[in-house]
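> Pasting a structure below so you can have a look.
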Amino acid sequence: AQSVTQLGSHVSVSEGALVLLRCNYSSSVPPYLFWYVQYPNQGLQLLLKYTTGATLVKGINGFEAEFKKSETSFHLTKPSAHMSDAAEYFCAVGGFSGNTGKLIFGQGTTLQVKP
Amino acid sequence: DVKVTQSSRYLVKRTGEKVFLECVQDMDHENMFWYRQDPGLGLRLIYFSYDVKMKEKGDIPEGYSVSREKKERFSLILESASTNQTSMYLCASSYGTEETQYFGPGTRLLVL
């Protein structure tokens, strides 16, 4: 069965510091992996995704994530946090449901950025 | 750009009322999804549809039904609203073989 675990429901960093949001997955098939961001009172917006190919994936707003099969991880990083990065972040796994496009989402991590 | 719209941003209903939440996408996507989002629980799939008039239950379908009469529109129905259905409801769509889901802005429903 597929599942996603996001380690830490809340992460707090100072502006300019490294952002690291952790995601581990379980999948019986080669996974597709996603990170989404949700700003207050908005829907989810795709940050980046991994399907096949290069394991280091770059996304919008300076974020990137690395697919590590041996660790079943897909952690999200950004070298220098900005106040505008404060939001909720969701990791998701897909690739297991044929053409129905189902995704399994993690429980989310709220990122706080302190001035 | 893909656009997914939801009929209301905020909704207040009374217990026992029948509630309709509408979702429309403009990219001819085959797949459409309804989720509810609650603090600490992430997104939970209620129902999804992979074609017109086709639907499948997600993880938490109890108390909900759906309708997809046209490809671009996917409706979520609360047959008899209850206070435990107070939540944020998110609609999403995706192309058949492309699993990226595109989300609407959400409807925050309060059931009194």
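Chains A and B supply the protein sequences, listed in that same order. Numbers 1 to 115, taken from the numbering used here, label the letters of the first sequence in order. Numbers 116 to 227, taken from the numbering used here, label the letters of the second sequence in order. For every residue, glycine included, the Cβ atom is placed at its ideal position computed from N, Cα and C.
1) To the nearest angstrom, how far is it from the Cα of S14/A to the Cα of V37/A?
2) Measuring only the C-alpha atoms, how far is Q200/B from Y125/B?
3) Establish whether the CB of E194/B and some CB of chain A are separated by less than 8 angstroms.
4) Counting pairs of beta carbons, one from the stretch 202 to 222 of chain B and one from the stretch 173 to 185 of chain B, are three or more of them closer than 8 angstroms?
5) Could you check the C-alpha separation between S164/B and E187/B for me, to the nearest Å?
6) Within 10 Å of its beta-carbon, does A92/A have 16 or more other beta-carbons around it, so buried, or fewer, so exposed?
7) At 3 residues or longer, what runs of the beta strand (DSSP E) sit wholly inside the stretch 17 to 62 of chain A?
8) Can you grab the Cα-Cα spacing for the pair L56/B / P115/A, in whole Å?
9) Tell me, please, whether the stretch 103 to 114 of chain A touches the stretch 58 to 69 of chain A by the rule of three or more beta-carbon pairs shorter than 8 angstroms.
10) Could you check what DSSP says for G94/A in three-state terms: helix, strand or coil?
11) Below 8 angstroms on the Cβ atoms is my contact criterion, and I expect L205/B with G101/A to pass it. Report the Cβ-Cβ distance as a whole number of Å.
12) Roughly how many angstroms lie between the CA atoms of Y25/A and S12/A, to the nearest whole one?
13) Would E145/B be called buried (16 or more neighbouring beta carbons within 10 Å of its own) or exposed?
14) Could you check whether the stretch 69 to 76 of chain A touches the stretch 132 to 148 of chain B, counting it as contact only if at least three pairs of C-beta atoms, one from each stretch, sit closer than 8 angstroms?
15) Please check if any C-beta of chain A sits within less than 8 angstroms of the C-beta of Q216/B.
Inspection of the coordinates gives the following:
1) Near 19 angstroms, if we compare the C-alpha coordinates of V37/A and S14/A.
2) One C-alpha to the other measures close to 14 angstroms.
3) For E194/B, the closest Cβ of chain A is not nearer than 8 angstroms.
4) The stretch 202 to 222 of chain B vs the stretch 173 to 185 of chain B: no contact.
5) Cα to Cα, S164/B sits roughly 11 angstroms from E187/B.
6) The residue in question, A92/A, is buried, as its Cβ has 16 or more Cβ neighbours within 10 Å.
7) Within the stretch 17 to 62 of chain A, the complete beta strand (DSSP E) runs of at least 3 residues are 19 to 26, 32 to 38, 44 to 50 and 56 to 58.
8) Given a span of 116 to 227 for chain B in the structure shown, any question on residue 56/B remains unanswerable.
9) Taking 8 angstroms as the limit for Cβ pairs, the verdict is that the stretch 58 to 69 of chain A does not touch the stretch 103 to 114 of chain A.
10) DSSP places G94/A in strand when its eight states are reduced to three.
11) With a Cβ gap of about 15 angstroms, L205/B and G101/A do not count as contacting.
12) Near 23 angstroms, if we compare the C-alpha coordinates of S12/A and Y25/A.
13) Label assigned to E145/B: buried.
14) Not touching, per the Cβ criterion.
15) Chain A places a beta carbon closer than 8 angstroms to that of Q216/B, counting this residue as a contact.
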